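Everything on this sheet refers to the single structure shown next.
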Amino acid sequence: MAPTTLSLLLLLLLLVSSSMAMQYDGDGARCAPTPPHIPVAVFPYDIDQLQFPLNLEFTESEFFLHGSLGIGLDQVAPQLALGGPPPIGAQKASLDDTTRRIIEEFGFQEVGHVRAIESTVGGFPRPLIDLSEKNFARLMDEAFGFHLNPPFNPYVNTLNYLLACYFLPYLGLTGYVGTNPSIDGYDSKKLLAGLLAVEAGQDAVIRTLLYERMDEIVPPYKNLTVADFTNRISALRNSLGMCGIKDEGLLVPRELGAEMRISTNIISADVNSLGYRRTPQEILRVLYGTGNEHVPGGFLPKGGNGKVARQYLQFPNSH
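Residues 24 to 342 in this note's numbering are what the sequence shown lists, from first letter to last.
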């Protein structure tokens with residue numbers, strides 16, 4: 024073998040062994056992510072958009088923690104509330120043990136979401152949140168177009184609580200899908216992807232638990248099934264959002280089902296089975312229960328916090 028060929032072979036073996044050594048030189052090298060194409064962690068225009076979801080994350084954390092444990096963020100991680108007021112009317116729900124454990128997990132996950140957002144892009148004080156029986160009763164009455172008798176109580180049993188849960192994680196899911204095209208930082212995208220994954224998982228679990236009971240009558244409301252409740256809640260959110268169908272119940276017409284071949288609808292998705300997207304304005308219209316991002320109410324009686332939400336409150340007469 025010629026010296027030049029031998030030298031090249033030895034050099035090649037050295038490069039291969041060095042590469043393998045680097046690959047397995049500790050978990051850092053072995054598990055390092057692909058370098059980002061844009062080497063900016065958080066762009067300035069990412070910040071407001073990623074702070075906005077705190078309005079929902081605070082709401083979910085309080086509802087899940089109180090529902091499962093009877094305590095909220097002020098007892099679990101008070102520093103994350105950043106001085107904001109405690110929620111109105113939140114209470115421990117009468118849940119079966121399996122559901123209680125699921126909801127407790129969701130509650131602690133939401134605490135992590137709040138911390139992740141605040142540590143990545145900063146935050147704002149928790150807004151005033153209304154989780155009272157009266158607020159949920161009003162929303163259910165609006166969904167059905169008449170007064171339920173007795174008024175809907177989300178805390179009275181497992182089924183009612185799951186129906187109340189149906190209001191929340193899906194809003195966050197569609198909001199994150201809507202935000203994704205508008206942010207660019209690699210830490211911003213990592214944060215959003217992680218939040219979206221867990222919110223979607225929570226929504227899928229809630230919908231699956233309800234799907235198993237889809238044909239049950241919701242006592243004491245004669246002739247109103249679980250599927251009826253989900254379909255009415257989804258229709259209400261579509262109406263309040265004012266931007267077409269972006270929300271579907273557990274039973275849909277076949278033309279809205281996956282590939283137009285099925286009516287069951289455990290996961291709500293568009294014609295290509297992709298997640299629907301909502302803008303911050305749409306989210307606020309639904310959260311406020313007013314259909315108007317300029318008029319607070321519903322879950323956020325004094326409006327959302329952060330630059331995105333507060334800018335709409337500066338023009339209360341606009342629509």
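We put the beta carbon where it would ideally sit given N, CA and C, even for glycine.
Remember, predicted model here, so these are calculated numbers, not experimental data.
Original post:
Going by the beta-carbon positions, is the gap between Gly-320 and Gly-327 smaller than 8 Å?
Top reply: With a cutoff of 8 Å on beta-carbon distance, Gly-320 and Gly-327 are scored as not near each other.
Original post:
Roughly how many angstroms separate the alpha carbons of Val-144 and Gly-201, rounded to a whole number?
Top reply: Their Cα atoms are separated by approximately 18 Å.
Original post:
Are there 16 or more other CB atoms within 10 angstroms of the CB of Ile-256, so buried, or fewer, so exposed?
Top reply: Looking at its Cβ environment, which holds 16 or more other Cβ atoms inside 10 Å, Ile-256 is buried.
**OP:** Give the straight-line distance between the Cα atoms of Gly-298 and Ser-262, rounded to the nearest whole angstrom.
**Re:** The straight-line gap from Cα to Cα measures roughly 18 Å.
Subject >> Burial state of Gly-95, where buried means 16 or more other Cβ atoms lie within 10 Å >> reply: Flag for Gly-95 reads buried.
**OP:** Count the other CB atoms, across all protein chains shown, that sit within 10 Å of the CB of Pro-76; report buried if there are 16 or more and exposed otherwise.
**Re:** Per the 10 Å Cβ criterion, buried.
**OP:** Write down every uninterrupted run of the alpha helix (DSSP H) in the segment 269–324 whose length is 4 residues or greater and which is fully enclosed by it, in chain order.
**Re:** Counting only runs of 4 or more, we get 303–311.
Subject >> Within 8 Å, strictly: CB atoms of Pro-177 and Ala-187 >> reply: Cβ distance < 8 Å, so Pro-177 and Ala-187 count as in contact.
Original post:
Does the segment 246–253 come close enough to the segment 181–200 to have 3 or more Cβ pairs within less than 8 Å?
Top reply: Per the Cβ contact rule, the segment 246–253 is in contact with the segment 181–200 (3 or more Cβ pairs under 8 Å).
**OP:** Go ahead and pull the three-state DSSP assignment for Ile-256.
**Re:** In the three-state reduction of the DSSP assignment, Ile-256 falls in the helix class, which pools H, G and I.
Original post:
Can you name, in chain order, every residue of its own chain whose Cβ lies under 7 Å from the Cβ of Gly-264, other than the five neighbours on each side?
Top reply: The beta carbon of Gly-264 is closer than 7 Å to those of Arg-301, Glu-305, Arg-308 and Val-309 in its chain, skipping five residues each way along the sequence.
Subject >> DSSP-derived helix/strand/coil call for Tyr-238 >> reply: One point to set straight first is that residue 238 is Asp, not Tyr, in the sequence displayed. Three-state result, Asp-238: coil.
**OP:** Determine the contact status of Val-134 and Ser-205, defining contact as a CB-CB distance below 8 Å.
**Re:** Contact annotation: Val-134 and Ser-205 have beta-carbon atoms that are not nearer than 8 Å.
**OP:** Could you give the DSSP three-state label for Asp-153: helix, strand or coil?
**Re:** Strand at Asp-153.
Subject >> Gln-179: first and last residue of the uninterrupted alpha helix (DSSP H) it sits in >> reply: Here the sequence assigns Val to residue 179, which means Gln is not the residue at that position. For Val-179, there is no enclosing alpha helix (DSSP H), as DSSP gives it neither H nor E.
Original post:
Going by the CB atoms, is the gap between Phe-338 and Ile-152 shorter than 8 Å?
Top reply: No. Outside cutoff.
Original post:
Can you tell me whether Ala-332 is buried or exposed, with buried defined as 16 or more other CB within 10 angstroms of its CB?
Top reply: Ala-332 comes out buried.
Original post:
Enumerated in chain order, which unbroken segments of the beta strand (DSSP E) with a length of 3 residues or greater are wholly contained in the segment 79–167?
Top reply: Listed in chain order, there is nothing to give.
Original post:
Can you check whether the CB of Ala-64 is closer than 8 Å to the CB of Tyr-209?
Top reply: Yes. Within cutoff.
Original post:
Since Ile-140 contacts Glu-80 with CB under 8 Å, what's their CB separation in whole angstroms?
Top reply: Right, their Cβ atoms sit about 7 Å apart.
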